[in-house]
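Numbering (our numbering), first residue to last: 3 to 681.
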Amino acid sequence: MKKLLPAVAAGSLLSLSLMPQKAKADDNFNYVVDRFADIEVLRYKVPDFETLSLNQKLMIYYLGEAAQIGRDIIWDQNCRFNLPVRNLLEAVYTNYKGDKSSKDWKAFEQYMKQVWFGNGIHHHYSTDKFTPGFSQEFLAEQVAALPQGALNLSDYPSVKALTDELFPVIFDPTLLAKRVSQDGSKDVIASSANNLYAPGITQKEVEDYYSKIKDPNDPTPVSYGLNAKIVRDKDGNIKEDVYHLTGLYGEPIAQIIYYLEKAKDYCDNDAQKAYINSLIDYYITGDLKKFDEYSILWAEDTKSDVDFVNGFIESYGDPLGMTASWESYVNFKNKKSSARTETISGNAQWFEDHSPVDPRFRKPNVKGVSAKVITAAMLGGDAFPSTAIGINLPNANWIRAAHGSKSVTLENITEAYALASVGNGFNEEFVIDKPTTKLLDDYLYITDMLHTDLHECLGHASGRLLPGVDPDALKEHGSTLEEARADLFALYYLADPKLLELGILDNPDAYKAEYYKYMLNGLLTQLNRIEPGKDIEEAHMRNRQLIANWILQHGKEDKVVELVKKGGKTYVKINDYRKMRDLIGRLLAEVQRIKSEGDYAAGNKLVNDYGVKVDQKLHSEVLKRFSKLNIPPYRGFVNPVYTLVYDKDGNVTDVAISYDENYVDQMLRLSRDYSTLAK
Ligand code: ZN
């Protein structure tokens, strides 16, 4: 599970030993790399990379190669036309000789950048198909003008066959309109454009297939469907086409294995070597039992400084939440900041025992929630260019219960977001008054960071299912409700005196900064990410509106939180923060009950009543206010570039890191040097 960045705002400073340190700009590092459509691309620093040992640097280097070489997998998973479309667009982009100030070219360039950012033709977050602002005639002219050999035609008999297939994919808004459809009134498989299910497969067929092979009494079930595309065999029966060395995505997987083998030579210790071996075994066989073996070894290795994720991990791209998209994070431990998360996870049982949920749903023994703060060194696959700020893995419930989980906060990423936001005018426009602005200035960066820690390291790790409850029982609402559970747990404890007692906060009112921001974001400002007339679909956004809206409605009588008008603008006003915390506790108890009992009907009602529908008037007001601010709704990153340094005898003496590469150059380089599927 991952935590995404909710909104934009800046933070502040007050230091106590375990408190997060406010981000501060200490040099002329230029965070903003590119800006287009609704996107801003940043770069992130990798502090202390220089202080690592040569072995650690080399391990990061090779894991970084493994992270980049899998890129084509996510492109192909997102939609079966993404790679040929990318080839076509890049051929035009790099061969264009015409007027670069023309409207069509500008629109083409924006579309190219959007497609790179979305790892395909759909928006990474809304999953809606991008709308090109240039004409089909323009593209046809450019294709006709391409030099011989610029277009790769291995999949098509002729240029005409290629454009006949790809032009509707690019220009017809009704074709492949949405990558992930969550609309429960439709067949969510048939109406999704992703490539996790072959064309013509229905939701019912998939559900029937899995209900036949799942054993409800298996206490240690594999993550069914995690690494497979569902296809129809020649007799018309449903079967899994498994991602592994000799199967689907065999080419990139072979190269990933090659780099994992290289990285293995520089391991910190044997436990790390063991989990890399186990991961390779799984990549070779595609056997999900082996994935569980790997996940257990990985979760239990808490000693290594260098760490990574590389595989089919998160299932947000599948409307049924089963098949995972390929991603990679390479990172190393930030020892100073990890003292804070170690303190939190060291008290995990206390938090579990005092949580406001029915004791039957609590974990009697919280197993090894290991938490650390990390420095991201390379992002890949579905974690790039858009990335999470916190991760908690593995996802399998029984492994988390029996072997624990690893939770991480990506501090250098959070810091880049914060520093790139300084002075953007957000608070002045949306925060109700000066005292609240001061509260946010003083404590939001700190409480945001703690919210991520608590969400990942306690929230997702808390609670348990009743015996016999199917972990997939909440179906298309599973992700939303799981994120809600983790957010509620984090919000509830942010206001707990325990955090002061542990030295993690120094002011009993600090939590109010996060409460205010959460309500503001959930009720108003996150609507900036929604197009006019649309409802909310993405799981994290549904979760945030669900929580904020539920609190607003259930606190109405006591006026706990209000939406008030000032000078024609709507503001969030919180009158009673203590009562707001009580409501958070009540909702946490209910969401945990829904999860523990697998109560789909109640979950469905909760999500639809509070998390989906958008108030049109409020929405257009928010969009109008944002349009004046020039704050991009979405951000992502380019990676730093790592290069091996040799002495005159050809021995590697160091790994150099550079931050110079711009967005376009990085994307073109990846397509050139790391293509494994785009023939
Ligand atoms: Zn989460």
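Ideal placement from N, C-alpha and C gives every residue a C-beta, glycine not left out.
For residue 492, the distance from the CB to the nearest heavy atom of the ligand ZN is not below 6 Å. At least one heavy atom of the ligand ZN lies closer than 6 Å to the C-beta of residue 3. For residue 146, the shortest C-beta to heavy atom distance toward the ligand ZN is 6 Å or greater. Shown here, residue 216 sits in coil according to DSSP, grouped into three states, outside any helix or strand. Pairing residue 21 with residue 507, the inter-Cα distance amounts to about 6 Å.
The beta carbons of residue 398 and residue 225 sit closer together than 7 Å. Between residue 172 and residue 191, the C-beta spacing is not below 7 Å. Under DSSP, residue 328 forms a beta bridge with 314. Between residue 119 and residue 41, the CB-CB gap stays under 7 Å. Per DSSP, reduced to three states, the secondary structure at residue 333 is strand. Below 8 Å, enough C-beta pairs join the stretch 34-52 and the stretch 626-643 to call them touching: three or more. Under the DSSP assignment, residue 603 falls in the alpha helix (DSSP H) whose first and last residues are 602-608. Around the C-beta of residue 55, fewer than 16 other C-beta atoms lie within 10 Å, and the residue is accordingly described as exposed. The DSSP-derived three-state label of residue 191 is coil. Residue 409: member of the beta strand (DSSP E) spanning 407-412, first to last residue.
Residue state for residue 372 is assigned as strand, using DSSP reduced to three classes. When secondary structure is reduced to three states using DSSP, residue 386 falls in the coil class, being assigned neither helix nor strand.
Annotation: the continuous alpha helix (DSSP H) that includes residue 452 extends over 436-456.
As the crow flies, the alpha-carbon of residue 517 is around 16 Å from that of residue 543. Not one heavy atom of the ligand ZN sits closer than 6 Å to the Cβ of residue 463. By the criterion of at least three beta-carbon pairs nearer than 8 Å, the stretch 566-575 is in contact with the stretch 513-528.
Boundaries for residue 512: no beta strand (DSSP E) harbours it, and the DSSP string shows neither H nor E there.
Around the beta-carbon of residue 356, fewer than 16 other beta-carbon atoms lie within 10 Å, marking it exposed. Within 6 Å of the C-beta of residue 488 there is at least one heavy atom belonging to the ligand ZN. For residue 565, the closest of 632, 434 and 282 by C-alpha to C-alpha distance is 434. In the DSSP annotation of this structure, residue 595 is not part of any beta strand (DSSP E); the continuous alpha helix (DSSP H) holding it starts and ends at 579-599.
When DSSP assignments are scanned along the stretch 471-511, the uninterrupted stretches of alpha helix (DSSP H) that are 4 or more residues long and fall wholly within it turn out to be 480-496 and 500-503.
Taking a C-beta distance under 7 Å as the contact criterion, residue 461 and residue 492 qualify as a contact pair. Counting along the chain, the unbroken alpha helix (DSSP H) around residue 297 starts and ends at 290-302. The C-beta distance from residue 343 to residue 375 rounds to 6 Å, short enough to fall under 8 Å. In the DSSP assignment, residue 648 falls outside any alpha helix (DSSP H) and within the unbroken beta strand (DSSP E) covering 643-648. Excluding sequence positions up to five before and after residue 33, its CB lies within less than 7 Å of the CB of 44, 45, 418, 421 and 422, all in the same chain and listed in chain order.
Distance from the C-beta of residue 485 to the nearest heavy atom of the ligand ZN is below 6 Å. Closest option to residue 656, judged by alpha-carbon separation, among 613, 236, 57 and 364: 57.
By the Cβ-count criterion, residue 31 is exposed, with fewer than 16 other Cβ atoms from all chains shown falling within 10 Å of its own Cβ.
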